[in-house]
Amino acid sequence: MNNSQNNQRGGKSALGSFSLLALFKTGGHWKVKLRILATTTVLTVIWPGAWAFGQSDPYKIWMLAEIAGQYAEVGQKDKAAELLAQALPLVQDISDDCNKPKPIAAIARQYAAAGQEAKSSQLLAQAIQMAKTAKGCSSNDDVLENLGDIAEWYWENQQYDQALQILRELDDDTMKAVALAYYAPKLAEVGRANQATAVLAEALQIAQTIDKTASKAVALSRIADHTIKLGHNAQAVKVLDQLLQTAQNVNDDFYVSRLVDIAGKYIQVGKKTQAIKVLSQALSNAQTIENSFFKIYLAQIAVQYAKAGQLDQALQVVQTLDNTNSKVHALVEIAGEYVGENQKVKANELLSQALELSQTLNDSANKAGALSRIARHYAEAGQLDQALQIVKTISDAEQKASVLNVISDHYVQTGQLEQAIRVAQTIDNNTRYKVIALLQVADRYAEAGKLEQAIRVTQTIEGNVFNKVSALSRIASYYLKAKQIDQALQTAQAIEALSVEHNNTDSILLQIVGEYAKVGQFDQALQVTQTIKGKPNQVKALSAIAGQYAARSQKEKASEILNQAVQIVQARQPVQ
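If you count the sequence shown from 1, position 322 lands on 312 in this note's numbering, and the numbers rise without skipping.
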């Protein structure tokens, strides 16, 4: 199977790709998932479109568009348009309509940069129409995923208004409201606070027109979340009041869960009295449930009572729980609230109860999980001796390693880095947590400007060759942040020398090229570019170099570099 086949729609890894579809709920809770290019170890940089089927060269469209954008930047708009005219017909070679909208949108964006606004608008409209009509994509909602991809592509390129306008093309009002609400905090992050408020208001207005009550509740719930995230608590309360009223009219298996979720949101905005009223209603309904599976809602209610400051009521609910595992979980969470109220004696009493209950669990996995939760709580509360004692009783290696990682991280957060290292070194080499723990320590040293110590810790990472690669990659990133580019290059070369199967340092080398170019060391940047394996990545490197020449008003030199990039594209043989 070739690379383009291996990265088809279902597993695409587009730069900055975003799955709006993942906003949809499972078990009554909506989730967001961003599919982003991994930044750890030494990954090949994956261009958008690498997953397309039936294309003579899956990268050529993106290479041409990249170079065209740079030509436009140096004022050679005719040359940019010429390359885009070469890229556009290649889209037709993509056999899967699901994979056509995003490259068309990318070409449209670059036509705008080249000054051809009419052509850009025409192509963007075409991309949107195709996104709406493409069928058989990886998700169960093709329109949502396709338009989400295009919107995120524009967002990643700081074209925020265009991204939002694309989302407004969603025909389903629930999708539209949720998508717009999701981007509101992102607008605030890029300095558009007023627009963020306006977009949330727009999302709310759309949600209020939704006829289906369950869908309306979902939209209002997401809008409340993002309103809270923006810190607009007064407005969030108004949204929650609407959500509560809507939720009362949704009679399904998730009614109690929905009430618990609303109560939690009221607590977040400081409206504990209202939260308690909602929890009382949730409790009354939960007590009538006969299905043992849905009895888990009682544990959720107990925890939320504790968060609302009703600790006695929380414990009363816990006593009604039949499921030992749920009871342990609730006791641990409530203990945390007692710690917050500075009632550590009571907190420890509850943890002792939880520990005693966990010993009665027959299922080894449940027992290990329960012990892990208790130990983790002790660690997070700074009671490390107790945490370490419980760790010794955990039979599951992965769970044990996870808790030790939490303990190590507690030492990191409190600046006790040598103790953190000692704990990290006790973690089983066969789990991922040892590497994670040691890298957390190294990161803290690096943040403090102690590069030597950071590298020393990273060099202690043992195990398989991939652990070594992770360690060296992190060292390279430290050097780059410290602007020690030569040392970063030496580290990348050390990674290459490990001869790992499919080892590829292109992602690190691209960063190194960029750093050399930023400081005007163009000869070094070009030399490193020649060592990059993938031709598409060489094009990206040359594009970065050209961009830095352009930033210095050396447009002739930038054009010369871009011409080299074009030659690479034209000489590239089609991938079969």
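Idealized CB from N, CA, C, for every residue including glycine. Please read all numbers here as calculations on a predicted model, not as lab measurements.
CB-CB length for residue i against residue j, believed under 8 Å
i: residue 487; j: residue 503; result: Not a contact, Cβ separation roughly 20 Å.
i: residue 328; j: residue 340; result: 7 Å
i: residue 80; j: residue 51; result: 5 Å
i: residue 254; j: residue 223; result: That belief does not hold up - the Cβ atoms of residue 254 and residue 223 are roughly 14 Å apart, past 8 Å.
i: residue 193; j: residue 167; result: 5 Å
Cutoff 6 Å; reference residue i; Cβ partners in own chain excluding five residues on either side
i: residue 436; result: 444, 468
i: residue 216; result: 171, 174, 175
i: residue 290; result: 250
i: residue 391; result: 417, 418, 421, 423
i: residue 411; result: 431
i: residue 15; result: Unreliable positioning characterises residue 15 in this predicted model, as indicated by a pLDDT of 38, which lies under 50. A coordinate reading is not provided.
i: residue 207; result: 236, 237, 240
i: residue 548; result: 64, 536, 539, 540
i: residue 448; result: 432, 461, 464, 465
Neighbourhood of residue i by C-beta distance below 7 Å, restricted to the same chain and skipping five residues each side
i: residue 414; result: 398, 424, 427, 428, 431
i: residue 336; result: 328
i: residue 271; result: 249
i: residue 538; result: 507, 508
i: residue 361; result: 348, 380, 383, 384
i: residue 68; result: none
i: residue 274; result: none
i: residue 441; result: 468, 472
i: residue 531; result: 500, 503, 519, 522
i: residue 156; result: 118, 137, 140, 141, 144
i: residue 282; result: none
i: residue 98; result: 110, 113, 114, 117
i: residue 557; result: none
Alpha-carbon to alpha-carbon, residue j and residue i
i: residue 299; j: residue 189; result: 34 Å
i: residue 126; j: residue 135; result: 12 Å
i: residue 209; j: residue 227; result: 15 Å
i: residue 120; j: residue 519; result: 37 Å
i: residue 555; j: residue 54; result: 9 Å
i: residue 371; j: residue 350; result: 25 Å
i: residue 543; j: residue 57; result: 17 Å
i: residue 8; j: residue 160; result: Reliability fails at residue 8, whose pLDDT of 41 lies under 50, so the model's placement of it is uncertain and the value that follows must be treated cautiously. Rounded to the nearest angstrom, the two C-alpha atoms are 15 Å apart.
i: residue 462; j: residue 536; result: 29 Å
i: residue 465; j: residue 186; result: 38 Å
i: residue 434; j: residue 402; result: 7 Å
i: residue 473; j: residue 139; result: 34 Å
i: residue 288; j: residue 477; result: 57 Å
i: residue 409; j: residue 394; result: 12 Å
i: residue 301; j: residue 169; result: 37 Å
i: residue 364; j: residue 321; result: 9 Å
i: residue 314; j: residue 246; result: 21 Å
i: residue 221; j: residue 180; result: 16 Å
i: residue 367; j: residue 561; result: 59 Å
i: residue 82; j: residue 114; result: 16 Å
i: residue 345; j: residue 454; result: 36 Å
Coil, strand or helix - residue i by DSSP
i: residue 274; result: helix
i: residue 544; result: coil
i: residue 127; result: coil
i: residue 426; result: helix
i: residue 372; result: coil
i: residue 351; result: coil
i: residue 361; result: helix
i: residue 244; result: coil
i: residue 222; result: coil
i: residue 160; result: coil
i: residue 212; result: helix
i: residue 197; result: helix
i: residue 57; result: helix
i: residue 155; result: helix
i: residue 202; result: coil
i: residue 182; result: coil
i: residue 555; result: helix
i: residue 104; result: coil
i: residue 561; result: helix
i: residue 488; result: coil
i: residue 149; result: coil
i: residue 467; result: helix
i: residue 510; result: coil
i: residue 84; result: coil
Proximity test, Cβ basis, 9 Å: residue i and chain D
i: residue 166; result: Judged by its chain identifiers, the structure shown contains no chain D, having just a single protein chain.
Neighbourhood of residue i by C-beta, 8 Å cutoff - its chain only, sequence neighbours within 5 removed
i: residue 343; result: 321
**Report entry** Those runs of the alpha helix (DSSP H) which lie wholly inside the segment 249 to 330 and span at least 4 residues
**Finding:** 262 to 276, 286 to 297, 301 to 308, 314 to 330
Query raised in the report: Fully enclosed by the segment 407 to 464, which alpha helix (DSSP H) runs are 4 residues long or longer?
Result: 407 to 414, 423 to 437, 441 to 448
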